[in-house]
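Asks: Below is one structure. I have some questions about it.
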């Protein structure tokens with residue numbers, strides 16, 4: 472199993488550009504989520520999904536969209552990039568709802584100029 | 242609002258020193274608790290977890306954590322650290338309320354172990 476994969480690993484955008492961060496998992500996990508990691512702020516939940524076709528907002532959803540058309544994929548879209556979105560983005564998945572270990576992808580380091 | 246506090250933001254230890262990292266959470270109901278570790282340049286990995294039963298849980302690489310319900314704490318310990326333990330450590334809480342799928346992470350503690 473590849474686990475949780477993310478692409479790209481690094482990305483530089485200009486303010487106002489849009490892009491999609493890709494996330495895929497091959498463990499047939501129902502739950503997937505996107506976090507951003509900023510120095511001194513830990514991991515903050517952006518969006519999450521409890522299954523194909525079901526998504527919901529986390530604590531910092533503004534400026535991001537998600538969709539979950541398949542169990543495997545959970546892309547994160549930046550609609551109009553801003554410097555405040557410079558961060559490291561992690562995708563995670565887990566089996567079922569609460570109480571199970573989350574498996575994290577390797578992260579995408581995004582810089583918005 | 243539910244939150245997780247990690248009071249030590251940066252910790253520097255010499256090899257063989259003992260380690261204790263604090264984690265407190267604000268939620269009165271039943272929780273699942275986790276410690277994750279992020280080695281330099283790598284993604285987060287699970288160190289250990291507590292669901293129920295014995296409040297002293299053992300994880301990988303000699304780490305352990307104790308759940309003290311009355312103190313809402315889940316502190317991470319290791320008797321003797323190694324240089325390879327240099328990493329950032331995150332405490333996470335999963336409140337077990339109906340419809341709650343979220344994990345709440347602390348802000349992390351950066352540990353540097355001097356050889």
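Protein chains in written order, with the numbering used here: chain A, 472 to 584; chain B, 242 to 356. Just so it is clear, CB atoms sit at the ideal spot from N, CA and C, and this is done for glycine as well.
Is residue 306 of chain B buried or exposed, if buried means 16 or more other CB atoms sit within 10 Å of its CB?
Replies: Counting Cβ neighbours within 10 Å, residue 306 of chain B comes out buried, since at least 16 surround it.
Asks: Can you find the residues in the same chain that come closer than 8 Å, C-beta to C-beta, to residue 250 of chain B, ignoring five residues on each side of it along the sequence?
Replies: Excluding residues within five positions, the ones whose Cβ falls inside 8 Å are 348, 349, 350 and 351.
Asks: So which residues on chain B does residue 577 of chain A lean against when the C-beta distance must stay under 8 Å?
Replies: Going along chain B in sequence order, the residues near residue 577 of chain A (Cβ under 8 Å) are 283 and 284.
Asks: Since I believe residue 276 of chain B is in contact with residue 317 of chain B (beta carbons under 8 Å), could you give me their beta-carbon distance rounded to a whole number of angstroms?
Replies: Right, the Cβ-Cβ distance comes to about 5 Å (below 8 Å), so this counts as a contact.
Asks: Taking only the alpha-carbon atoms, compute the straight-line gap between residue 288 of chain B and residue 514 of chain A and give it to the nearest angstrom.
Replies: Straight-line Cα distance between these residues: approximately 16 Å.
Asks: Report yes or no: do the segment 551-563 of chain A and the segment 294-313 of chain B share at least 3 C-beta pairs separated by less than 8 Å?
Replies: They do not touch, by the three-pair rule.
Asks: Can you list, in chain order, the residues of its chain whose CB lies under 6 Å from that of residue 481 of chain A, leaving out five sequence neighbours each side?
Replies: Closer than 6 Å at Cβ, skipping near neighbours: 580.
Asks: Can you tell me which residues form a DSSP beta bridge with residue 316 of chain B?
Replies: BP columns for residue 316 of chain B point to B/307.
Asks: Measure the C-alpha to C-alpha separation of residue 297 of chain B and residue 550 of chain A and round it to an integer number of angstroms.
Replies: Straight-line Cα distance between these residues: approximately 45 Å.
Asks: Rounded to the nearest angstrom, what separates residue 355 of chain B and residue 278 of chain B at their Cα positions?
Replies: The straight-line gap from Cα to Cα measures roughly 18 Å.
Asks: If you drop the 5 nearest sequence neighbours on each side, which residues of the same chain put their C-beta closer than 8 Å to that of residue 327 of chain B?
Replies: These residues qualify, in order along the chain: 280, 281, 352, 353 and 354.
Asks: Reducing DSSP to helix, strand and coil, say where residue 527 of chain A ends up.
Replies: Residue 527 of chain A falls in the strand class under three-state DSSP.
Asks: DSSP on residue 353 of chain B, reduced to helix/strand/coil?
Replies: Residue 353 of chain B falls in the strand class under three-state DSSP.
Asks: The beta strand (DSSP E) that contains residue 332 of chain B, what's its start and end?
Replies: From DSSP, the beta strand (DSSP E) with residue 332 of chain B extends over 328-336.
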